[in-house]
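**Q** Sequential numbering of the sequence shown, starting at 49, is according to my numbering.
Yeah, the Cβ is synthetic: ideal placement off N, Cα and C, and Gly gets one too.
Keep in mind it's a predicted model, so treat the numbers as computed, not measured.
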Amino acid sequence: MNIGIESLSFYTSRYYLDLKTLARARTVDVDKYYLGIGQEKMAIPPPGEDVITMSANAACQALKKIDYGKIAGLLFATESGIDQSKAGGIYVHRLLELPKNCRVFELKQACYSGTAGLQLAVAMIARHPEKKILVVAADVARYAMAGSGEATQGAGAVAMIISAEPKLIAIEPEAGYYVEDVMDFWRPNYLQEALVDGKYSIRVYLKALAESWHHYCQVSGRTFSDFYRFCYHLPFTRMAEKAHHHLVKLTGNESLAELTLTQFRDSLSYNRIIGNSYTASLYLGLASLLEHAAEDLTGKRIGFFSYGSGCMGEFFSGIVQQDYKNYLFTETHRNILNDRTELTYQDYENFYNFVYPTDGGDHKFPEYETGMFRLVGIKEHKRIYERKV
Ligand code: COA
49 MNIGIESLSF YTSRYYLDLK TLARARTVDV DKYYLGIGQE KMAIPPPGED
99 VITMSANAAC QALKKIDYGK IAGLLFATES GIDQSKAGGI YVHRLLELPK
149 NCRVFELKQA CYSGTAGLQL AVAMIARHPE KKILVVAADV ARYAMAGSGE
199 ATQGAGAVAM IISAEPKLIA IEPEAGYYVE DVMDFWRPNY LQEALVDGKY
249 SIRVYLKALA ESWHHYCQVS GRTFSDFYRF CYHLPFTRMA EKAHHHLVKL
299 TGNESLAELT LTQFRDSLSY NRIIGNSYTA SLYLGLASLL EHAAEDLTGK
349 RIGFFSYGSG CMGEFFSGIV QQDYKNYLFT ETHRNILNDR TELTYQDYEN
399 FYNFVYPTDG GDHKFPEYET GMFRLVGIKE HKRIYERKV
């Protein structure tokens with residue numbers, strides 16, 4: 049039985065900052081951002097947009113051709129959750145009016161938990177192949193203003209339907225994984241911004257990639273030449289180049305330098321103009337690959353590397369399914385990205401500095417473009433969401 053991704057869609061903030069504007073404000077050469085880290089624009093959520101509204105928007109689209117009655121679980125992956133106790137997925141479940149007999153919970157392990165959700169969903173479907181699971185990965189990547197991570201901020205949500213009718217990708221059973229207790233990136237409960245040792249995090253990412261790859265090869269018996277394309281976790285798009293070169297070197301394939309670029313290039317387009325979306329970033333890369341590859345990917349094996357600081361790595365694989373192009377939301381995604389509003393530097397500071405009140409009072413938020421859903425306000429410490437249409 050094939051199990052995998054039947055449907056995949058994403059949503060991101062309707063507002064972005066071009067990194068040339070940030071470069072000017074920070075008196076940095078813009079090529080450091082455009083070329084050095086490989087980022088061009090970053091999505092910045094306005095007041096009233098958070099991981100819940102972005103997830104509901106992404107999931108609405110992914111569910112378009114799906115029988116709601118078959119959804120037996122909603123697994124919500126995030127590292128920028130809105131509550132220490134209640135799962136964000138429960139708000140999303142209500143906004144989407146999904147069936148009441150549904151398992152809903154939240155998963156956390158930095159940028160890795162979207163993959164935890166995907167693998168768990170595959171296992172749930174193996175037990176009940178007639179059902180479908182909605183996996184949502186959503187994050188707002190937020191670093192200290194003017195800090196080294198600032199240009200790698202972003203925001204977005206990816207929603208995937210996992211089922212025994214994988215119209216896009218069948219996930220293979222073999223996976224290689226690696227865990228190590230390190231402090232490369234973390235966010236204590238009392239901080240709104242992540243703390244990061246950027247250079248160290250790149251080194252740990254590469255180590256976790258090597259360890260996960262070795263484990264994957266051990267359990268699957270496959271080698272580098274069994275793969276057609278690769279999707280990497282993308283905190284910034286140049287990370288894919290670093291990761292892929294590391295893998296190529298590790299596997300003794302350095303002579304294929306030109307070929308190697310084409311092995312990951314199509315996966316970068318969306319991340320380059322959205323920025324980091326933590327848990328969603330790997331799957332945004334997959335959407336980018338499927339929606340940008342000029343050639344037919346049917347039957348090809350894709351390698352995936354998921355990384356979550358702290359740290360957890362996983363290498364796994366999937367096979368692209370026949371007629372996958374008929375099940376993509378390419379036009380919707382391009383419209384979302386083309387219709388965005390560019391922010392001035394001052395707008396960016398205003399959005400960044402907007403703080404949700406914590407006094408327990410009754411607060412309404414200004415209305416911005418946030419798709420079909422909106423965080424209207426907070427009353428008695430409770431977030432109030434509405435469906436706009
Ligand atoms: N033109 C072209 N390239 C330029 C440049 C210019 N004018 N100026 C700098 N660069 C290059 C540098 O040579 C470097 O390339 P390299 O990685 O090949 O060495 C790259 O741009 C980044 O410059 P650097 O000075 O290393 O940037 P930084 O000290 O500001 O830090 C990160 C970069 C990625 C570490 C930082 O943005 C960060 O902490 N990000 C968040 C953490 C993260 O994403 N971790 C990844 C694992 S999850």
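#1: Indicate, with yes or no, if the ligand COA has a heavy atom lying under 6 angstroms from the CB of GLY202.
#2: Check for me: the beta strand (DSSP E) holding MET47 runs from which residue to which?
#3: Cα separation between PHE278 and ASN374?
#4: Roughly how many angstroms separate the alpha carbons of LYS89 and ARG175, rounded to a whole number?
#5: Hey, which unbroken runs of the beta strand (DSSP E) at 3 residues or more fall wholly within the region 140-171?
#6: DSSP state of THR200, grouped into three classes?
#7: Please report the distance separating the alpha-carbon of ILE92 from that of GLY409.
#8: Kindly give me the distance between the Cβ atoms of VAL368 and LEU345, rounded to whole angstroms, as I take these residues to be in contact under 8 angstroms.
#9: Between LYS80 and the ligand COA, is there a pair consisting of the residue's CB and a ligand heavy atom that are separated by less than 6 angstroms?
#10: Only counting the same chain, and skipping five residues up and downstream in sequence, which positions put a Cβ closer than 6 angstroms to that of HIS340?
#11: Note down the Cα distance separating GLY165 from LEU391, rounded to an integer number of angstroms.
#12: If distances are taken between C-alpha atoms only, which option among PRO147, VAL244, TYR416 comes closest to SER196?
#13: Is the beta carbon of VAL296 within less than 6 angstroms of some heavy atom of the ligand COA?
#14: Would you mind giving the Cβ-Cβ distance between ARG142 and ALA120, rounded to the nearest angstrom? I have them listed as a contact below 8 angstroms.
#15: Is any heavy atom in the ligand COA found nearer than 6 angstroms to the beta carbon of VAL230?
#16: Just to confirm my understanding: we take VAL437, look at its own chain, exclude 5 residues before and 5 after, and list those with CB closer than 8 angstroms. What are they?
#17: Sorry if obvious, but does the Cβ on ILE130 come closer than 6 angstroms to a heavy atom of the ligand COA?
#18: For THR285, is the classification buried or exposed, using 16 other Cβ atoms within 10 angstroms of its Cβ as the cut-off for buried?
#19: Report yes if the C-beta distance between GLY84 and THR327 is below 7 angstroms; otherwise report no.
**A** Quick answer:
#1: No, the Cβ of GLY202 stays beyond 6 angstroms of every heavy atom of the ligand COA.
#2: The displayed coordinates of the chain run from 49 to 437. Any statement about residue 47 would go beyond what the structure contains.
#3: 22 angstroms
#4: 42 angstroms
#5: 151-155
#6: helix
#7: 26 angstroms
#8: 4 angstroms
#9: yes
#10: ASP314, SER317
#11: 33 angstroms
#12: VAL244
#13: no
#14: Going by Cβ atoms, the distance from ARG142 to ALA120 rounds to 17 angstroms, so no, they are not a contact pair.
#15: no
#16: MET420
#17: no
#18: buried
#19: no
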